[in-house]
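Numbering (our numbering), first residue to last: 8 to 353. Quick reminder that beta carbons are idealized off the backbone N, C-alpha and C, glycines included. Worksheet: one structure, shown below.
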Amino acid sequence: MRKTFVLAMLGSAFASGGAGAIVALRTPVDLLPQVLYSTLKKQPLATETASATGEVLLKNKTTDLNTANRPESQDASLISHTKESARFGRIMQYAVEQKLPDREMGDIMQAIAQQFLGAQYKANLLDGSPEETLTISLDKFDCVLFVETVLALARGVAVKDYAYQTFSDRIVNERYRDGQLNGYCSRLHYFVEWIFDNQKRGNVADIAPQLGGVSLHKKLNFMSKNRSLTPPIANNDANYHCLVETEKKLDELSINYIPINQIRRVYAQLQPGDVVAVATSIEGLDVTHTGLVYRNQNGNIGIIHASPSGTVRISRDLQVYVGNIKNAIGIMVARPSDPRPLLRRG
């Protein structure tokens, strides 16, 4: 569930996990997209406007991935040139230099994720505005924001799309129900629905069942039952009542998860970049944390994640990490879909 307040409230429930750090242009500079070209040339984009926070905000409106080529408008984006666009440009430059589009999707995911090692963990990043806005940050993350950001970047890199605008459209496509930003209630607050909704649009595939996972039905109403903990519903009756109706619809969904003592058994079937979510026994809640499968140099499976203990880090053994989280019962697993046509990947 995208409730970072849960992580703050249950902070003592998490183990810190181990931390670690890993980490000529094939494409001529004049063929790179404008945002990357301008960053490399250290010239601001004509459409950029500095924001006080260095975060990207798009005004509340309905949008989807089909709007990727729309012209820039006054309310399209507020980007800090010295922060967000520069970071985005460096990541895209790294992707080109390392020929990431030539790699498997999982390898692209892991390579991109590693670029954020040491970035700050920050709770409640998406709830800072009285109306729902698209918030994008490339220097601080909650656990779900980290997963969404890496997935959106990797999907763009895979198809050699290095434009910032389509990256932000991919975030919308992942974060909101049916890929449409239309108010607070359109956000996918519970991670079981995040997986279900993104699977419908071909962004990920729920692979826990094929890994021998078990299915769990439980009533998801933690947010409405703890209304005071979330400002957008604590002080807004319309948001609250809409959320209650959304929670009722989640009764149709199953939480497919690998029990903790079975996680190591499926290591060989996991791929770098697989999305993992820690399923919980807490009443009314589906998951308490998310991250990405990380394949260590020795082949063992860990997790790279925005940790509530402070930063984006690598915990070297996935089963050990999950086993040290209070109330954890196992992991949900969703595999990022490769957006490239099969012929191009062949």
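Sorting K147, I119, E91 by C-alpha distance to the C-alpha of N131 places K147 at the top. Cβ-Cβ distances below 6 Å link A341 to I202, V211, D213, V282 in the same chain, with the five nearest sequence neighbours on each side left out; the list follows chain order. Taking C-beta atoms as the reference points, H224 and S261 count as a pair closer than 8 Å. In summary, S222 is exposed, with fewer than 16 beta-carbon neighbours lying within 10 Å of its beta-carbon over all protein chains present.
Taking 8 Å as the cut-off, the Cβ atoms of A284 and V294 count as close. Just so you know, the alpha carbons of Q269 and S322 end up roughly 18 Å apart.
The alpha-carbon separation between R194 and T287 amounts to approximately 21 Å. Excluding its 5 nearest sequence neighbours in each direction, I178 has C-beta neighbours in its own chain below 8 Å: L141, I143, E155, T156, A159, listed in chain order. The count of Cβ pairs closer than 8 Å, one atom from the segment 161-176 and one from the segment 328-348, reaches three, so the stretches are in contact. Y264 has V221 as its beta-bridge partners, per DSSP. DSSP places T287 in the uninterrupted beta strand (DSSP E) bounded by 282-287.
Relative to Y247, the option among E259, N233, G96, I289 whose CA is nearest is N233.
Taking 8 Å as the cut-off, the beta carbon of L325 is found no closer than this to the beta carbon of I336. Across the structure, L227 and C192 are spaced so that their CA atoms are roughly 15 Å apart. Taken atom to atom, the span from the alpha-carbon of P108 to that of R97 is near 16 Å.
Excluding residues up to 5 positions away in sequence, I98 lie with their Cβ nearer than 6 Å to the Cβ of Q122 in the same chain.
For N305, the number of other beta carbons within 10 angstroms of its own is below 16, and it is reported as exposed. Ranking G135, R184, M112, Y101 by CA distance to the CA of L257 puts R184 first.
Counting only residues of its own chain and dropping the five nearest sequence neighbours on each side, Q105 has a CB closer than 7 Å to the CB of A118. A buried status is given to P279, since no fewer than 16 other beta-carbon atoms sit within 10 Å of its beta-carbon. For the pair V319 and F153, the CB atoms are nearer than the 8 Å cut-off. DSSP, read as helix, strand or coil, puts G306 in coil. A residue is called buried once 16 or more other Cβ atoms fall within 10 Å of its Cβ, and G125, having fewer, is exposed.
Non-local C-beta neighbours of P266 in its own chain, meaning closer than 7 Å and more than five positions away in sequence, comprise V221, I336, G337, ordered along the chain.
For A170 against I115, the beta-carbon gap comes to about 17 Å, at or over 8 Å, which does not count as contact.
Each of A245, E200, P238, T253 was checked against the Cα of N263, and the nearest Cα belongs to E200. Closest option to L277, judged by alpha-carbon separation, among A93, N180, G113: G113.
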